[in-house]
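A short write-up of the structure that comes next.
Protein chains: 2
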Amino acid sequence: MRMVVTGGAGFVGRHVAAAVLEAGHECTVFDAARIQRELGDRGVRQEFGSLSSIEELRRAFRGADVVLHLAGVGDVYLAAEKPWLAAEANVLGSANVAEACLAECVGRLIYASTWEVYGHPVYEPLDEQHPTNPDHPYNVTKLAGEQLLMTYDSLRGLSVVALRLGTAYGTGMRANSVFSVFITRALRGEAITVSGDGRQHRQFTHAADIGRAFVAAATSAIRHEALNIVADETVTIRQLAEMVVAEAPAPLSFGVARAGDISPARVSSAKASAMLGWEPRVRFSEGLHDLIEHHRSSITADGS
Amino acid sequence: MRMVVTGGAGFVGRHVAAAVLEAGHECTVFDAARIQRELGDRGVRQEFGSLSSIEELRRAFRGADVVLHLAGVGDVYLAAEKPWLAAEANVLGSANVAEACLAECVGRLIYASTWEVYGHPVYEPLDEQHPTNPDHPYNVTKLAGEQLLMTYDSLRGLSVVALRLGTAYGTGMRANSVFSVFITRALRGEAITVSGDGRQHRQFTHAADIGRAFVAAATSAIRHEALNIVADETVTIRQLAEMVVAEAPAPLSFGVARAGDISPARVSSAKASAMLGWEPRVRFSEGLHDLIEHHRSSITADGS
């Protein structure tokens, strides 16, 4: 199949593009930023463009079978600082993507949503029936993008699946992610400071597993569904820090909680398992080890 | 107090502006369209501008105590046709309004949301604890605007109240509203066609009662709350049609249901009653009678 990955130069998007190639499909990336050289070498086509331009989206989507839509504001701190930008990219941008799909007769769209749409849990584990109570410009706008795309499914005939992704980790993470901060500091022998008491937990989900979920959703027949794509393993921030310093020895301390951090909650991906046969394959200890080694080799390569 | 009504040249907005004056407050209307002459004569100041311009919003908000934000895409058929426009006006536009409030030190914002944010009812009557499951570009974008503004309350210190309005009626309704269509046709002696079997019901809420709710919310101390503002009386579309032809005799028939129509559900405004002391004052039979007479006199005045 011919698949287009919007935001395919970004952290999760590049893993999705890699998964598309691995599954034997053609891949075009739509992004304002240049894709990794490695993806280009493997035959990924790049289309530069912005979510605000229907024309640029249409050019990238021409002849495609399915669009995997990951572009948008994915950085919660940026969303908090500029809510209007999150609204423009995540809501208006998603409408533009859907319009471009319809204009180019692309019948199927897979949307990158987030487990954070649920907000404060009424019950756990969170399944897809749980009420949505987003409480931050990031999850408010991601949910609005999801719900708006679902109306393109019910009213306009575009077949849409939303994947509510767990907190992703893997190579290429943003420099302000807790992983990047911890690993970079530890590899320099600098102290790691954990926000709060470190007992807040996450089901960190490897970006390669997320990539496989997108491909599974793209090639399935389901539509008008939202699916949690979240790994089962629960890891506290304290455990993460301890695992990092076990591989890259550094002092560890505990500070104050950051405003805007999302409270932890258990999430179930049983629906994705049943409907897509999706299961996470990367164990957290392995994924983290690979990430630390990747950082170590980049530092060596940089000579920094 | 000095109050600004965004969208104050629109149908509900002009009733809100009138309620602001009636309660003895200063009123500025921010709208791209010109306000009614009657409002101008009563001392309402007009500021022309667009929701996409922070500068124009700031100029209108300068020196105000509270902003009553009704501007946006309120026509469900327009929202269905142009979801990106609904996203731009209702989500991005609301973020711009909040930013302009913060920039001009306006501490309080009352937002026009809708009872339609609940979607398909899980239980009835719908109270504000009911899960939100919007299913149309109109209610998706109105909810996103509400949720985004609530993050300005929790993260940025702007005090926000959202009023989830019932289906409004009153003078100045859009020509494509069921009221306008029925009354205009009946007064011409033309047949009225009811969509579906006419058993779908609404708790039609008079725009003057909505105006009073905005003033009550603006002058109250509550914040970070969503309140249903919906009249208690339930009226079926069939009853509405029969009440119209009772005053303006015309034939009555039944057709097919319109796509995109929102399913009926009972809504409770007990929270607004408790927190704001708000109660609807206009009985439906009186409000409808006034509306028919208003149409009748306009037709006579036009000579049409």
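Chains E and Z supply the protein sequences, listed in that same order.
So in our numbering, the last spot in the first sequence is 332, and the numbers never skip.
So in our numbering, the last spot in the second sequence is 332, and the numbers never skip.
Using N, Cα and C, we set each Cβ at its ideal position, and we do this for glycine too.
- Expressed to the nearest angstrom, what Euclidean distance is found between the alpha-carbon atoms of P162 (chain E) and L280 (chain Z)? On the first sequence, position 134 is the one that residue 162 (chain E) refers to. On the second sequence, position 252 is the one that residue 280 (chain Z) refers to. Taking the straight line joining both Cα atoms gives about 46 Å.
- Message: Taking only three categories from DSSP, how would you classify C129 (chain E)?
- Response: Here residue 129 (chain E) refers to the residue found at position 101 when the first sequence is read from its first residue. C129 (chain E): helix per DSSP, three-state reduction.
- Query: So, helix, strand or coil for G79 (chain Z), using DSSP?
  - Reply: As a first step, residue 79 (chain Z) is located in the second sequence; it is residue number 51 there, counting from the start. Checking the sequence, you will find Leu at residue 79 (chain Z) rather than Gly. Coil, per DSSP.
- Query: What do you get for G91 (chain E), buried or exposed, if any count of 16 or more other CB atoms within 10 angstroms of its CB means buried?
  - Reply: Here residue 91 (chain E) refers to the residue found at position 63 when the first sequence is read from its first residue. Exposed, because fewer than 16 other Cβ atoms sit within 10 Å of the Cβ of G91 (chain E).
- Message: Once DSSP output is grouped into helix, strand and coil, what is the label at F282 (chain E)?
- Response: Reading the first sequence from its first residue, position 254 is the one you call residue 282 (chain E). Looking at F282 (chain E) - three-state DSSP - the assignment turns out to be strand.
- Query: For the segment 98-126 of chain E, which residues have a CB atom closer than 7 Å to at least one CB atom of chain Z, in sequence order?
  - Reply: Residues A108, P111, W112, A115, E116, V119, L120, A123, N124.
- Message: Measuring only the C-alpha atoms, how far is F232 (chain Z) from W143 (chain Z)?
- Response: Counting from one through the second sequence, the residue named residue 232 (chain Z) turns up at place 204. Counting from one through the second sequence, the residue named residue 143 (chain Z) turns up at place 115. Cα to Cα, F232 (chain Z) sits roughly 11 Å from W143 (chain Z).
- Query: From S332 (chain Z) to M201 (chain Z), what does the alpha carbon distance come to, in whole angstroms?
  - Reply: As a position in the second sequence, residue 332 (chain Z) is number 304, starting the count at 1. As a position in the second sequence, residue 201 (chain Z) is number 173, starting the count at 1. Unreliable placement is indicated for S332 (chain Z), whose pLDDT of 47 sits below 50; the coordinate value is still reported in the next sentence. Cα to Cα, the separation comes out at about 19 Å.
- Would G105 (chain Z) be called buried (16 or more neighbouring beta carbons within 10 Å of its own) or exposed? By 1-based counting over the second sequence, the position of residue 105 (chain Z) is 77. The sequence given here has Tyr at residue 105 (chain Z), not Gly. Exposed is the call here.
- Query: Closest Cβ-Cβ distance between H148 (chain Z) and chain E: below 8 Å?
  - Reply: Your numbering for residue 148 (chain Z) matches position 120 in the second sequence. No, because no Cβ of chain E sits closer than 8 Å to the Cβ of H148 (chain Z).
- Message: Quick check on this structure: which residue in Z:A235, Z:R294, Z:A140, Z:E253 has the alpha carbon closest to the alpha carbon of D318 (chain Z)?
- Response: In the second sequence, counting from the first residue as 1, residue 318 (chain Z) sits at position 290. Considering only alpha carbons, the answer is Z:A235.
- Message: 8 Å is my cut-off, CB to CB: does S332 (chain Z) come that close to chain E?
- Response: As a first step, residue 332 (chain Z) is located in the second sequence; it is residue number 304 there, counting from the start. Caution applies to S332 (chain Z), whose pLDDT of 47 falls short of 50 and renders its modelled position unreliable; the model cannot decide the point.
- Which residues in the same chain as T195 (chain Z) place their Cβ atom closer than 6 Å to its Cβ, once the five residues preceding and following it in sequence are excluded? In the second sequence, counting from the first residue as 1, residue 195 (chain Z) sits at position 167. Counting only Cβ-Cβ distances below 6 Å, and skipping sequence neighbours, we find R230, F232.
- Residue-chain proximity (D163 (chain Z), chain E), Cβ-Cβ < 8 Å: As a position in the second sequence, residue 163 (chain Z) is number 135, starting the count at 1. For D163 (chain Z), the answer is yes, since a Cβ of chain E falls inside 8 Å of its Cβ.
- Message: Distance cutoff 8 Å, beta carbons only. Does S81 (chain E) sit that close to anything in chain Z?
- Response: As a working note, residue 81 (chain E) is residue 53 in the first sequence. False, the Cβ-Cβ gap to chain Z never drops below 8 Å.
- Query: Is the segment 175-183 of chain E touching the segment 161-177 of chain Z in the sense that three or more CB pairs, one from each, lie closer than 8 Å?
  - Reply: yes
- With DSSP as the reference, label L186 (chain Z) as helix, strand or coil. By 1-based counting over the second sequence, the position of residue 186 (chain Z) is 158. It is coil, neither helix nor strand.
- Query: Cβ of I257 (chain E) within 8 Å of Cβ of A241 (chain E)?
  - Reply: Taking the first residue of the first sequence as position 1, residue 257 (chain E) is located at position 229. Taking the first residue of the first sequence as position 1, residue 241 (chain E) is located at position 213. The answer is yes: Cβ separation under 8 Å.
- Check the Cβ of A128 (chain Z) against every Cβ in chain E and list those closer than 7 Å, keeping chain order. Position 100 of the second sequence, counting from 1, holds the residue named residue 128 (chain Z). The contacting residues do not exist; A128 (chain Z) stays about 11 Å from chain E at best.
- Task: Please confirm if the segment 133-152 of chain Z is in contact with the segment 69-85 of chain Z, defined as three or more CB-CB distances below 8 Å between the two stretches.
- Result: no
- Query: CA-CA distance, W112 (chain Z) and V145 (chain Z)?
  - Reply: Numbered from its first residue, the second sequence carries residue 112 (chain Z) at position 84. Numbered from its first residue, the second sequence carries residue 145 (chain Z) at position 117. So the two alpha carbons sit approximately 18 Å from each other.
- Item | V189 (chain Z) vs A245 (chain Z) beta-carbon contact at 8 Å | Here residue 189 (chain Z) is taken as the residue at index 161 of the second sequence, counted from 1. Here residue 245 (chain Z) is taken as the residue at index 217 of the second sequence, counted from 1. Against a cut-off of 8 Å, the Cβ pair of A245 (chain Z) and V189 (chain Z) comes out as a contact.
- Indicate whether the contact test is met: 3 or more Cβ pairs, each with one atom in the segment 218-230 of chain Z and one in the segment 260-276 of chain Z, closer than 8 Å. The segment 218-230 of chain Z is in contact with the segment 260-276 of chain Z.
- Taking Cβ positions only, does G185 (chain Z) come closer than 8 Å to chain E? Taking the first residue of the second sequence as position 1, residue 185 (chain Z) is located at position 157. No, G185 (chain Z) does not count as interfacial toward chain E.
- Under 6 Å Cβ to Cβ from R213 (chain E), same chain only, skipping five residues before and after it: list those, please. Sequence index remark: in the first sequence, residue 213 (chain E) carries index 185 (1-based). Excluding residues within five positions, the ones whose Cβ falls inside 6 Å are I220.
- Message: Assuming F58 (chain Z) is part of the beta strand (DSSP E), what are its boundary residues?
- Response: Counting from 1 along the second sequence, the entry for residue 58 (chain Z) is found at position 30. Start and end: 54-59.
- Where does N124 (chain E) land, buried or exposed, given buried means 16+ other C-beta within 10 angstroms? Start at 1 with the first residue of the first sequence, and residue 124 (chain E) comes out as number 96. By the neighbour-count rule (16 or more Cβ atoms within 10 Å), N124 (chain E) is buried.
- What is the C-beta distance between A47 (chain Z) and V243 (chain Z), in whole angstroms, given that I count them as a contact (C-beta under 8 Å)? Here residue 47 (chain Z) refers to the residue found at position 19 when the second sequence is read from its first residue. Here residue 243 (chain Z) refers to the residue found at position 215 when the second sequence is read from its first residue. About 5 Å; that satisfies the 8 Å criterion.
- Message: My output table needs one value for L255 (chain E): the three-state DSSP class, helix, strand or coil.
- Response: Translated into the one-based positions of the first sequence, residue 255 (chain E) becomes position 227. Three-state result, L255 (chain E): strand.
- Tell me where the beta strand (DSSP E) around L96 (chain E) begins and ends. Position 68 of the first sequence, counted from the first residue, corresponds to residue 96 (chain E). From DSSP, the beta strand (DSSP E) with L96 (chain E) extends over 94-97.
- What residues from chain E crowd round Q175 (chain Z), counting only those whose CB sits closer than 7 Å? The sequence position of residue 175 (chain Z) within the second sequence is 147, counting from 1. Within 7 Å Cβ-Cβ: P162, V168.
- M271 (chain Z), DSSP secondary structure in three states: In the second sequence, residue 271 (chain Z) corresponds to position 243, counting from 1. Three-state result, M271 (chain Z): helix.
- Between which two residues does the beta strand (DSSP E) carrying L120 (chain Z) extend? Your numbering for residue 120 (chain Z) matches position 92 in the second sequence. Bounds of any beta strand (DSSP E) do not take in L120 (chain Z), whose DSSP letter is neither H nor E.
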